[in-house]
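Chains as they are written, first to last, in numbering that gives the first Met the number 0: chain E, 0 to 171; chain Y, 0 to 185; chain B, 0 to 557; chain G, 0 to 70.
Single-structure report; data block below.
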Amino acid sequence: MHIHKFEQFWIKLSFVLIAFFIVTVVYGFVAMDLKVIGDHATIDPQNLADTKFGNPGVREVTRNGQTEYEVYVQTIQFAFNPGTAQPIVVPANTRVTFYITSPDVLHGFDVAGTNLNTMSIPGQVAKFTTIFPEVREYGIVCNEYCGPAHHVMEGKIKVVPKSEFDKSNLVE
Amino acid sequence: MSEEKSDNSTKKLVKILVIVGIGVPVLVELMTLFNLINVQIFEDEKDANSQGFDVEDVRGFGEGDTLFSDQASVVVIDELRIKVSAQEWRFALGLTSADSSSQDELEISVDSLSLQSKKMLSGDNNSWEVKQSAPAQVYGEWILPNGDIPTKLFISSDQKTGKDSTKKVSQEVPLDKVPVRYNQNQ
Amino acid sequence: MTFIHKYPKAAKVAKANFIVAFIALAIGGLFGFVQALHRTNVFRGFFNSGEYYTLLTGHGVLLALIFTTFFIAGLFVWGVTRSLDREPENLTFTWSWFWLMTIGLVMATIAILGGLVPDSSIRAAVLYTFYPPLQAHPMFYIGLALVVVGSWMAGADWFWSYRKWRAENPNERIPILAFMTLFTMLMWYVCTIGLALEVVGLLIPWSLGWVTEIEPLLPRTLFWFFGHAVVYFWLLPAYYVWYAILPKLSGGRLFSDSMTRIVFIIFLLLSTPVGYHHQYADAGISVGFKFYAMATTLLILLPSLITLFTVVASMEHGARQRGGKGYLKWIGKLPWDSPAFVGCALAGIMFAAGGFSGMINASMNINVLIHNTIWVPGHFHLTVGTAVALTFMAITYWLLPQLTGRKLKYKTLALIQPYAWFLGMTLMSNAMHRAGLAGVPRRTAEPEYSGFDFEPIFGTMTEMKWQIAIGGTILMISLILFLWVVVASWLAGEKSDKPVDDYIPEPLSGVEHTPAILDNMKLWFGLALLLVVLAYAFPLWEMVADGIFSPGALPRPS
Amino acid sequence: MPEEKSNPTNNNESEKSWEERNPDIVREITIDEYQPYGTLTLTLIYFAIVALMWVFMYFVEFAGNAPSIID
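Here is the structure:
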């Protein structure tokens, strides 16, 4: 086989580039805590009422002796529950774990301008943990087409200082 | 001679095409690159004020709000939503006359709806007479142009002013974000 | 003598495919233009936001699935016939796949356009990914299935020609045009397994009401089993043009025959087991499998990077033969006044740019930065929308004379067209990428929300919208130029025995340097299947083990 | 390619190479003398742009875009 020496060099360089990409991704994943959604649990989308999604909202839990929060969100045509009718309120600088699922069709759950971005698939529970570093409001966008009114589906997350976090709105 | 001429004009055309067709794109990309790096690395944190969330938004009416609150007979919105199905968008409005003290009939009518697309939808055939059996409820649906959303209602009601006199009182009802839901019954 | 005189029957088949392809391009392109204006709120008089998704489905299906498939069929008929020097073996068979695909396309299109008729129950506003439980009319799924079955028959037709040729030429190497066609089709057979299972096994019975529930993740996964390989099904014919024809258009020869074959083999092997990279943000698939998909996805950069070198080297060879000198000065000696060359070259440059955003998309965790934002359509309008579509348009300027025996008319307009496309696409796609970084979603009629504002890294939302609208308008003008040149040349071009220089010179490093094992189709096809089984067997088993249709969701009409 | 041999229009010129028949071509460059320096230059420039942009996108745009999925 006749491969010109320049092309041989370029092929080697291509492998270097590919290896470099993979190394960066792994480094980000392991050392910088830049994770992706994995496999969590399946759920019957027609019977969410019997699960924690039946009473969606923010819950307080204690994990490893620390106070953390869990947020159960249903994405429905064409709203986030909670999120649309009233904002999801969470404290800053605290671990918050989101559990997201859909009773009807595919939706997206993208906190605009951040790296929080997941699909909401009927039958699957998307789970991810994050820490909000800033006190501010974020918009939530459904970024998967979910029907004729897809474009009105939006919500809000309100991050408040830990000290001002009002626990009376927590759900059981 | 003429061939040479057309050859020259082709060359000129190619020159223009390369400048506009390739030059401009290259410029756009370079500017993007410059701005990205400039903003992210060399500029300090963005102004916190630029986040645009502090804008005080005037809240419109929503479910649970009261209409004609300064009149004798007040009316409460108990349903306000857009029901969307594959075929159509419907606007649903349910009102309750919460006032049980008044012994009179109350007439409410939706005169028109103002839509996001700046169109007006007439509210005709939707006036209700609420006989005294409070709390009385009324309910109406309007078919919207697909994708359109009402932003304001024009509602009027005959309110009692004196013993035997009534007055037609109109109210502009700017709406808060109307909830949009899938219409399962379609 | 050109193609139509030597192979009149094949020319007729290829032309029929091109007619369908260009009609789909015209309608799909118009829809794209309407969307660009609607989404940016520049002009909304055509349709309202509720109908936007019907147009979007039409845009995606007609361009990404119909225009490409039919154009590719025509291109491959030309290449197989020419390189094996034989007309199609049985014209009844050939025309039957053409008509089957056409019937399927008409069915799917009627189902989609039904959505524009008030109160119609025939609708398919499900976009070209048609994720259930959003449900389209059964005619949509059946139509798409017919298109795919037709494309399988088309592939069989070309293998048939190859077998006959092989019987007569037992010791010849597979000619390069035929080689690229056959390997593209082998890849197509591997990846359409997923689509066939999804559409025939799940969606058609479900849309007909034979089963009521469907598990959304399983068909989505099967779709992406097919869905990334399909982009290579679009791209490989563009590579076919860049490898086989572009060197000649630049005045040179293909740099290396063996690298060409290696590239196509790697695509056959790696195109399908990468599908999960569209599902990095999905629950229900473990991180391990996502990582495997990322590794294979990034490896598939390799053949494209090799292509970059081989194709550019072939062009440089042409430029130097035309008197080019220096490290970069030779670029000026390329035929920048030839519409076919310019289109292919600019398409290649766009692909290099699209390659970069593709690397971001492919890389597992950084993908969440742009997942389902308008960055993604920004990316694939560079790849499919330019690298593929512009190459197809450009090569039409060279193929059409061969298929019709008529010279190209309006060469000046034909020359303006690719430059205009490049300019329009740069403007549109640049703004789409930037808006995507701010979080603006894809697939939406109203990209701005009432409760919050997007924060672009720099620039403003208004400026980006205008850039998209202006870019889209320039693209529409470019498309009209293309269609005008094609129709005019087809109907009224000057008849000629030699309407275009259709000769393709031998490669610099020819087939005599190419190892024979590269032509072993059984070996590579078997390996490709093995890699697919490794990637998909276990996760698919996990999804199916609890019942094919559960956890089941109820259908929602679209 | 086979049609090269069977193409009758080429018969009278079949001894001439394509380059000799093509008026645009100044001189023929054979495989032994062809050194694609220009291609190497271009690909190296591309490599540099891609590598730099990658580092920027990953470590500045992406990693600096918190909150992120940390688990």
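Glycine included, every Cβ here is placed at the ideal spot set by N, Cα and C.
Since I believe Y:Ile76 is in contact with Y:Arg89 (beta carbons under 8 Å), could you give me their beta-carbon distance rounded to a whole number of angstroms?
Within the second sequence, residue 89 of chain Y is the residue found at index 90, counting from 1. Within the second sequence, residue 76 of chain Y is the residue found at index 77, counting from 1. Actually they are not in contact, since the Cβ atoms of Y:Arg89 and Y:Ile76 sit about 16 Å apart, beyond 8 Å.
For E:Val124 and E:Tyr98, what's the separation of their Cα atoms in angstroms?
Position 125 of the first sequence, counted from the first residue, corresponds to residue 124 of chain E. Position 99 of the first sequence, counted from the first residue, corresponds to residue 98 of chain E. When rounded, the distance between both Cα atoms is 6 Å.
Restricting to Cα atoms, I'd like to know which of B:Arg38, B:Ala13, B:Lys8 is closest to B:Thr443.
As a first step, residue 443 of chain B must be located in the third sequence, where it is residue number 444. Considering only B:Arg38, B:Ala13, B:Lys8, the residue with the shortest C-alpha distance to B:Thr443 is B:Arg38.
Does the count of Cβ pairs from the region 247–265 of chain B and the region 218–233 of chain B closer than 8 Å reach three?
no
For B:Trp397 versus B:Val499, is the C-beta spacing smaller than 7 Å?
Counting from 1 along the third sequence, the entry for residue 397 of chain B is found at position 398. Counting from 1 along the third sequence, the entry for residue 499 of chain B is found at position 500. The answer is yes: Cβ separation under 7 Å.
Are B:Leu185 and B:Ala468 touching if we call contact CB-CB under 7 Å?
By 1-based counting over the third sequence, the position of residue 185 of chain B is 186. By 1-based counting over the third sequence, the position of residue 468 of chain B is 469. Going by C-beta atoms, B:Leu185 is not nearer than 7 Å to B:Ala468.
For E:Asn80, does the three-state DSSP call read helix, strand or coil?
Position 81 of the first sequence holds residue 80 of chain E. The DSSP-derived three-state label of E:Asn80 is strand.
Can you check DSSP and say which residues form a bridge with G:Ser16?
Residue 16 of chain G sits at position 17 when you count from the first residue of the fourth sequence. Bridge partners of G:Ser16: none, in fact.
For a cutoff of 7 Å on Cβ pairs, would you count Y:Pro149 as touching chain B?
Position 150 of the second sequence, counting from 1, holds the residue named residue 149 of chain Y. Taking Cβ atoms only, chain B never reaches closer than 7 Å to Y:Pro149, which makes this a no.
Can you find a CB in chain E that lies within less than 7 Å of the CB of G:Asp31?
Along the fourth sequence, read from residue 1 onward, the residue named residue 31 of chain G stands at position 32. Closer than 7 Å: no.
So is B:Tyr51 in contact with chain G if we call contact Cβ pairs under 7 Å?
Residue numbering aside, residue 51 of chain B sits at position 52 when the third sequence is read from its first letter. It does not: the Cβ of B:Tyr51 has no partner Cβ on chain G nearer than 7 Å.
Straight-line CA distance for B:Thr411 to B:Ile244?
Here residue 411 of chain B corresponds to residue number 412 of the third sequence, with the count starting at 1. Here residue 244 of chain B corresponds to residue number 245 of the third sequence, with the count starting at 1. So the two alpha carbons sit approximately 21 Å from each other.
Assuming contact is defined by CB atoms lying nearer than 7 Å, are E:Lys126 and E:His3 in contact in what I supplied?
Against the first sequence, residue 126 of chain E aligns to sequence position 127. Against the first sequence, residue 3 of chain E aligns to sequence position 4. No; because the gap between Cβ atoms is not below 7 Å, this pair is not in contact.
If we cut at 7 Å on Cβ distances, does B:Trp335 have a partner in chain Y?
The residue you call residue 335 of chain B lines up with position 336 of the third sequence. Interface residue, yes.
Taking Y:Ile40 as the query, report the chain G residues whose CB atoms sit under 8 Å from its CB, ordered along the chain.
Working through the second sequence from its first residue, we reach residue 40 of chain Y at position 41. Within chain G, the C-beta atoms nearer than 8 Å to that of Y:Ile40 come from Val59, in chain order.
For E:His106, write down the residues that DSSP places opposite it in a beta bridge.
For the purposes of this step, residue 106 of chain E is taken as residue 107 along the first sequence, with counting starting at 1. For E:His106, which the question treats as bridged, DSSP gives the partners E:Ser119.
Comparing C-alpha positions only, which one of Y:Phe60, Y:Lys11, Y:Ser116 sits nearest to B:Phe46?
As a first step, residue 46 of chain B is located in the third sequence; it is residue number 47 there, counting from the start. Closest by alpha carbon: Y:Ser116.
Output the distance between the C-alpha atoms of B:Ala534 and B:Phe290, rounded to the nearest integer angstrom.
Within the third sequence, residue 534 of chain B is the residue found at index 535, counting from 1. Within the third sequence, residue 290 of chain B is the residue found at index 291, counting from 1. Each residue's alpha carbon lies about 11 Å from the other.
Measuring straight from C-alpha to C-alpha, what distance separates Y:Val168 and Y:Leu174?
The count along the second sequence starts at 1 and reaches residue 168 of chain Y at position 169. The count along the second sequence starts at 1 and reaches residue 174 of chain Y at position 175. The alpha-carbon atoms of Y:Val168 and Y:Leu174 are separated by roughly 19 Å.
Just the C-alpha distance for Y:Ser49 and B:Ile456, rounded to the nearest angstrom, thanks.
What you label residue 49 of chain Y is simply residue 50 of the second sequence in a count that begins at 1. What you label residue 456 of chain B is simply residue 457 of the third sequence in a count that begins at 1. With a pLDDT of only 44 at Y:Ser49, under the threshold of 50, the placement of this residue in the model should not be trusted; the figure read from the coordinates follows. Approximately 12 Å, taken between the alpha carbons.
Rounded to whole angstroms, what's the CA-CA distance from B:Met293 to E:Ile21? Just pull it up for me.
As a position in the third sequence, residue 293 of chain B is number 294, starting the count at 1. As a position in the first sequence, residue 21 of chain E is number 22, starting the count at 1. If I take the Cα positions, the gap works out to 8 Å.
Between G:Gly37 and chain Y, is the shortest Cβ-Cβ distance under 7 Å, so that the two count as touching?
Counted from its first residue, the fourth sequence places residue 37 of chain G at position 38. The beta-carbon of G:Gly37 is placed no less than 7 Å from the nearest beta-carbon of chain Y.
Give the C-beta separation of E:Pro90 and E:Pro44 to the nearest angstrom, bearing in mind that I take them to be a contact with Cβ-Cβ under 8 Å.
Taking the first residue of the first sequence as position 1, residue 90 of chain E is located at position 91. Taking the first residue of the first sequence as position 1, residue 44 of chain E is located at position 45. Not quite, the Cβ-Cβ distance comes to about 30 Å (not below 8 Å), so this is no contact.
For B:Asp501, count neighbouring Cβ atoms within 10 angstroms of its own Cβ and tell me buried if that reaches 16, exposed if not.
Reading the third sequence from its first residue, position 502 is the one you call residue 501 of chain B. Label assigned to B:Asp501: buried.
With a threshold of 7 Å between beta-carbons, can B:Ser362 be considered close to chain E, or not?
Reading the third sequence from its first residue, position 363 is the one you call residue 362 of chain B. Taking Cβ atoms only, chain E reaches closer than 7 Å to B:Ser362, which makes this a yes.
What residues from chain B crowd round E:Gly122, counting only those whose CB sits closer than 8 Å?
The residue labelled residue 122 of chain E in the question sits at position 123 within the first sequence. What E:Gly122 touches in chain B: Glu214, Pro215, Leu216, Gly283, Ser549, Pro550, Gly551, Ala552.
Between which two residues does the beta strand (DSSP E) containing E:Phe97 stretch?
In the first sequence, the residue the question calls residue 97 of chain E occupies position 98. Its beta strand (DSSP E) spans residues 94–100.
Rounded to whole angstroms, what is the Cα-Cα separation between Y:Gly51 and B:Asp452?
Working through the second sequence from its first residue, we reach residue 51 of chain Y at position 52. Working through the third sequence from its first residue, we reach residue 452 of chain B at position 453. Residue placement at Y:Gly51 is poorly supported in this model, since its pLDDT is 45, which falls under 50; the coordinates still yield a value, given next. Each residue's alpha carbon lies about 7 Å from the other.
I need the straight-line Cα distance from B:Tyr275 to B:Leu301, nearest angstrom please.
Here residue 275 of chain B corresponds to residue number 276 of the third sequence, with the count starting at 1. Here residue 301 of chain B corresponds to residue number 302 of the third sequence, with the count starting at 1. C-alpha separation (whole angstroms): 19 Å.
Which residue from B:Trp151, B:Phe379, B:Ser120, B:Ser82 puts its Cα closest to that of B:Leu99?
Counting from 1 along the third sequence, the entry for residue 99 of chain B is found at position 100. The shortest C-alpha separation from B:Leu99 is found at B:Trp151.
Closer than 7 Å, Cβ to any Cβ of chain E: which residues of the region 163–185 of chain Y, in chain order?
Pro178, Val179, Arg180, Tyr181
B:Ile264 CB to nearest chain Y CB: under 7 Å?
What you label residue 264 of chain B is simply residue 265 of the third sequence in a count that begins at 1. Judged by the 7 Å Cβ criterion, B:Ile264 is not in contact with chain Y.
Hey, how far is the Cα of B:Met349 from the Cα of B:Gly250?
Counting from one through the third sequence, the residue named residue 349 of chain B turns up at place 350. Counting from one through the third sequence, the residue named residue 250 of chain B turns up at place 251. Answer to the nearest angstrom: the Cα atoms are 22 Å apart.
Check whether chain G comes within 7 Å of E:Asn168, counting only Cβ atoms and requiring the distance to be less than that.
On the first sequence, position 169 is the one that residue 168 of chain E refers to. No, E:Asn168 does not count as interfacial toward chain G.
Indicate whether the contact test is met: 3 or more Cβ pairs, each with one atom in the region 110–123 of chain B and one in the region 52–69 of chain B, closer than 8 Å.
Yes: the two stretches touch, three or more of their Cβ pairs being nearer than 8 Å.
Applying the 10 Å Cβ sphere with the 16-neighbour rule, what's the burial state of E:Tyr71?
Reading the first sequence from its first residue, position 72 is the one you call residue 71 of chain E. Flag for E:Tyr71 reads buried.
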